[in-house]
Amino acid sequence: MLKKLKEFFIELGHFFSFFIEALREFPANFRHPIEIIKNIWNVGVMSIPIIVATSFCVGLILGMQLGNGMERIIAGTAQYMSGALAVSTVLELGPIFSALILVSRVCSSVTAQIGTMKVTEQIDALRTLSVNPIGYLVTPRIIAGMISLPVLGSMSIIATMFGGWIMLSSVHGVDTTTYLMWSQLFLKVRYVWESITKMTVLGGMLLAVSTYHGFYTSGGAVGVGNSTIKSVVTSSFLVILIDYVMSSIFSYIK
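Number 260 marks the last residue of the sequence shown (this note's numbering); no jumps.
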């Protein structure tokens, strides 16, 4: 037990050292943004279809379940669920759902790509060419994650709300004006900023974790597979942990 705990803190120290070095490369990357743009395309643009489609389906499910639940308790109250749907989607479902999609689609592939480069000594080749591999491979991906996830999360929120509206209006007869009125009544501007802040932090941390696991891969093809598994598991847990911590902080500073 103590040995495992010691190994955990040692790896945590390695990660923070790695992350700080990546942060130091931010100014250089912004001066030469071509790698950032390439990674925004891979991380963000290519993730739009799956995030929008799945979020729309989640909206349909939530609209059906929330509407049916309220109608079973008090008839004619399904319209009030639009407000609950809006708040839960903006504050929690949008950030968490889009982050988990990012983990499954992007973080796993990033770890596998960088891990393969590590075991085939391509990262060592970059060092021999006087190229900082962290500045070239890691920092652009972190920046791309910080930029892309808030945009993807916003699309997820819109798609979820749209799916909820379709279900509540078609099944429970909630008209568009009523749906928008209750959504606007429950939502506050600060909820939007809290959601964007969460997604920015999550985007950066998830890409940092996935690049870290790829960067320290060893053991050939088996090692790449193990690093990818570790990356996905750690990133998925971090999504929930970071969301909880940030929600607690925002709740405290109200």
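All residues carry an ideal CB built from backbone N, CA and C; glycine is no exception.
Since this is a predicted model, take the numbers as computed values, not measurements.
**OP:** Count the other C-beta atoms from every protein chain shown that fall within 10 angstroms of the C-beta of R78, then say buried if there are 16 or more, exposed otherwise.
**Re:** For the purposes of this step, residue 78 is identified with residue 72 of the sequence shown, where counting begins at 1. Its Cβ having fewer than 16 others within 10 Å, R78 is exposed.
Original post:
Between the beta-carbon of I120 and the beta-carbon of F25, is there less than 9 Å?
Top reply: Start at 1 with the first residue of the sequence shown, and residue 120 comes out as number 114. Start at 1 with the first residue of the sequence shown, and residue 25 comes out as number 19. Not in contact: I120 and F25 (Cβ atoms no closer than 9 Å).
Original post:
From V51 to I42, what distance separates their C-alpha atoms?
Top reply: Translated into the one-based positions of the sequence shown, residue 51 becomes position 45. Translated into the one-based positions of the sequence shown, residue 42 becomes position 36. Note on geometry: alpha-carbon atoms of V51 and I42 lie some 13 Å from one another.
Original post:
DSSP three-state call for T117: helix, strand or coil?
Top reply: Here residue 117 corresponds to residue number 111 of the sequence shown, with the count starting at 1. It is helical.
Original post:
Among the residues of its own chain, which have a CB less than 8 Å from the CB of G265, if the five just before and after it don't count?
Top reply: Past the boundaries of the shown model lies residue 265; the chain is included only from 7 to 260, so the question cannot be answered.
**OP:** Apply the 10 Å Cβ neighbour rule to L143 and answer buried if 16 or more other Cβ atoms are within range, or exposed otherwise.
**Re:** Within the sequence shown, numbered from 1, the residue matching residue 143 stands at position 137. L143 is buried by the Cβ-count criterion.
**OP:** May I have a chain-ordered list of the alpha helix (DSSP H) segments no shorter than 4 residues that lie completely inside the region 8-83?
**Re:** Within the region 8-83, the runs of alpha helix (DSSP H) at least 4 residues long that lie entirely inside it are, in chain order, 8-30, 32-37, 40-49 and 54-79.
Original post:
In three-state terms, what does DSSP make of Y222?
Top reply: Taking the sequence shown and counting its residues from 1, one reaches residue 222 at position 216. In the structure shown, Y222 sits in coil (DSSP, three-state: anything other than H, G, I, E or B).
**OP:** Would you mind working out which of I56, G73 and A28 sits nearest W171, comparing C-alpha positions?
**Re:** For the purposes of this step, residue 171 is taken as the residue at position 165 of the sequence shown. Of the listed residues, the one whose Cα sits closest to W171 is G73.
**OP:** Measure the CB-CB distance between G100 and S201 and report whether it falls below 9 Å.
**Re:** Residue 100 sits at position 94 when you count from the first residue of the sequence shown. Residue 201 sits at position 195 when you count from the first residue of the sequence shown. Yes; because the gap between Cβ atoms is below 9 Å, this pair is in contact.
Original post:
Which of helix, strand or coil does DSSP assign to I107?
Top reply: For the purposes of this step, residue 107 is taken as the residue at position 101 of the sequence shown. Of the three classes helix, strand and coil, the one that applies to I107 here is helix, per DSSP.
Original post:
What residue range is occupied by the uninterrupted alpha helix (DSSP H) comprising G169?
Top reply: As a position in the sequence shown, residue 169 is number 163, starting the count at 1. T145 to H178 is the span of the alpha helix (DSSP H), which, as asked, contains G169.
**OP:** Would you kindly work out how many angstroms separate the C-alpha atoms of F14 and F21, rounded to a whole number?
**Re:** Sequence index remark: in the sequence shown, residue 14 carries index 8 (1-based). Sequence index remark: in the sequence shown, residue 21 carries index 15 (1-based). Taking C-alpha positions only, F14 is separated from F21 by approximately 10 Å.
Original post:
In whole angstroms, what separates the C-alpha of L191 from that of M173?
Top reply: For the purposes of this step, residue 191 is identified with residue 185 of the sequence shown, where counting begins at 1. For the purposes of this step, residue 173 is identified with residue 167 of the sequence shown, where counting begins at 1. Cα-Cα distance, rounded: 20 Å.
**OP:** Give a yes or no on whether the C-beta atoms belonging to T261 and M167 are separated by under 9 Å.
**Re:** The first residue shown for the chain is 7 and the last is 260, placing residue 261 beyond what the model contains.
**OP:** Alpha carbon to alpha carbon, how far is K12 from F256? Give it in angstroms, no decimals.
**Re:** Residue mapping note: residue 256 aligns to position 250 of the sequence shown, counting from 1. Residue mapping note: residue 12 aligns to position 6 of the sequence shown, counting from 1. Their backbone Cα atoms lie some 32 Å apart in a straight line.
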